[in-house]
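A.B. asks: Using this note's numbering, you'd call the opening residue of the sequence shown number 8 and step up by one each time. Using N, Cα and C, we set each Cβ at its ideal position, and we do this for glycine too.
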Amino acid sequence: MMKKWYCFSLILTLLVLVGCASQNGTKPEATLKTARTPPPLFVDMSNTPIVSEDEMTVAVKAFTAETETDEKDIPTLRFIYFDYDDSEITSEAYVLLEEHADYLLDKPDTLVRLEGHADERGSYEYNLALTERRVEAAKEALIELGILEDQLSTLGYGDEHPVAFEQNETDWQLNRRVELIYP
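(1) Just checking my contact of Gly165 with Tyr131 at CB under 8 Å: how many whole Å lie between their CB atoms?
(2) According to DSSP, is Glu156 part of a helix, a strand, or is it coil?
(3) What is the DSSP secondary structure of Thr161, reduced to helix, strand or coil?
(4) May I ask which residues mark the beginning and end of the beta strand (DSSP E) holding Asp184?
(5) Skipping 5 residues on each side, what residues in its chain have a beta carbon closer than 6 Å to that of Val185?
(6) Which same chain residues, not among the five before or five after Leu84, have their C-beta less than 7 Å away from its C-beta?
(7) Within its chain, find whatever has a CB closer than 8 Å to the CB of Trp179; leave out the 5 residues flanking it on each side and keep chain order.
(8) Label Asn175 either buried or exposed according to how many other C-beta atoms from any shown protein chain fall within 10 Å of its C-beta, with 16 as the threshold for buried.
(9) Please report the distance separating the alpha-carbon of Leu159 from that of Leu118.
(10) Alpha carbon to alpha carbon, how far is Tyr110 from Ile81? Give it in angstroms, no decimals.
(11) Looking at C-alpha atoms only, which residue of Ala148, Asp116, Pro115, Leu155 is the closest neighbour of Thr97?
(12) Suppose only complete runs of 4+ residues qualify. What are the alpha helix (DSSP H) ranges in the region 72-126, listed by chain order?
(13) Please state whether DSSP places Asn134 in a helix, a strand or coil.
(14) Compute the minimum distance between the beta carbon of Asp93 and the heavy atoms of the ligand MG, and state whether it is under 7 Å.
(15) Would you kindly work out how many angstroms separate the C-alpha atoms of Ile150 and Glu173, rounded to a whole number?
(16) Could you check what DSSP says for His171 in three-state terms: helix, strand or coil?
(17) Whole angstroms are fine: how far does the CA of Ser94 sit from the CA of Glu167?
(18) Is the beta carbon of Pro169 sitting closer than 8 Å to the one on Asn182?
(19) Quick one: is Gln137 buried, meaning 16 or more other Cβ sit within 10 Å of its Cβ, or exposed?
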């Protein structure tokens, strides 16, 4: 009885495999042979106003100047650093946050993302919670300086994105930071 089921299963499996193999043989070729290229599309541009090269140059220069001015005004220092196992804003960090607050007060439509980081010491969960406390401390300081909460978003990475990779105090200090990211 068992032999019959085994033979039956083997025959059924072979039939399925043979059937599947024959289905894939000719369809792609038939599809390729029947595919046609659409006719070219012609657009009448005789009534379209053409911008002169001088007008285009002026527009590009104005846009470039506006973009450069915005980027040039953003404070260049965008990292605030923290002591080991701490989320308290230092006096140096507060001065940097004041510079960013001045910029953001002048540009109320500008958004900034605060990204928190930690050094590798500590568990994943602990470092993640620590970076969230750090970004919240930076966010609260900016709000105290007059920045709207809608301009700020926060994200804690824990120790996932180090900027320094040696296992020494100097590199660990560089990794204990909050970055101010302007999109």
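C.D. replies: If we stick to the structure as given:
(1) Taking the first residue of the sequence shown as 1, we reach residue 165 at position 158. Taking the first residue of the sequence shown as 1, we reach residue 131 at position 124. Contact between Gly165 and Tyr131 is confirmed by a C-beta separation of about 6 Å, below the 8 Å threshold.
(2) Numbered from its first residue, the sequence shown carries residue 156 at position 149. In this structure, DSSP gives Glu156 a helical state, which the three-state scheme calls helix.
(3) Walking along the sequence shown from the start, residue 161 turns up at place 154. The three-state reading of DSSP puts Thr161 in strand, counting E and B together.
(4) Within the sequence shown, numbered from 1, the residue matching residue 184 stands at position 177. First, the residue type needs correcting, since residue 184 is Arg and not Asp in the sequence shown. In the DSSP assignment, Arg184 falls within the unbroken beta strand (DSSP E) covering 184-188.
(5) For the purposes of this step, residue 185 is taken as the residue at position 178 of the sequence shown. Excluding residues within five positions, the ones whose Cβ falls inside 6 Å are Ile87, Leu121, Gly123, Arg141, Val142, Ala145.
(6) The residue given as residue 84 occupies position 77 in the sequence shown. Annotation for Leu84: Leu103 place their beta carbon closer than 7 Å to its own, counting only its chain and skipping 5 residues before and after.
(7) In the sequence shown, residue 179 corresponds to position 172, counting from 1. Excluding residues within five positions, the ones whose Cβ falls inside 8 Å are Tyr91, Asp126, Glu127, Arg128, Ala171.
(8) Position 168 of the sequence shown holds residue 175. Flag for Asn175 reads exposed.
(9) On the sequence shown, residue 159 is found 152 positions in, with the first residue counted as 1. On the sequence shown, residue 118 is found 111 positions in, with the first residue counted as 1. If you take the alpha carbons of Leu159 and Leu118, they lie about 6 Å apart.
(10) Indexing the sequence shown from 1 puts residue 81 at position 74. Indexing the sequence shown from 1 puts residue 110 at position 103. When rounded, the distance between both Cα atoms is 6 Å.
(11) Looking up residue 97 in the sequence shown gives position 90. The candidate whose alpha carbon is nearest that of Thr97 is Ala148.
(12) Segments of the alpha helix (DSSP H) lying fully in the region 72-126: 98-113.
(13) As a position in the sequence shown, residue 134 is number 127, starting the count at 1. Helix, per DSSP.
(14) Ligands are entirely absent from the displayed structure, and the ligand MG is therefore not among its contents.
(15) Taking the sequence shown and counting its residues from 1, the one referred to as residue 150 is at position 143. Taking the sequence shown and counting its residues from 1, the one referred to as residue 173 is at position 166. Cα atoms of Ile150 and Glu173: separation of roughly 35 Å, rounded to the nearest angstrom.
(16) If you number the sequence shown from 1, residue 171 lands on position 164. Note on identity: in this sequence residue 171 is Ala, with His being the wrong assignment. DSSP places Ala171 outside both helix and strand once states are collapsed to three, so it counts as coil.
(17) To locate residue 167, count along the sequence shown from 1; it is residue 160. To locate residue 94, count along the sequence shown from 1; it is residue 87. Computed Cα separation, rounded: 18 Å.
(18) Reading the sequence shown from its first residue, position 162 is the one you call residue 169. Reading the sequence shown from its first residue, position 175 is the one you call residue 182. For the pair Pro169 and Asn182, the CB atoms are nearer than the 8 Å cut-off.
(19) Here residue 137 refers to the residue found at position 130 when the sequence shown is read from its first residue. Residue identity differs from the one stated: residue 137 is Leu in this sequence, not Gln. Classification of Leu137: buried, given that the 10 Å Cβ count is 16 or more.
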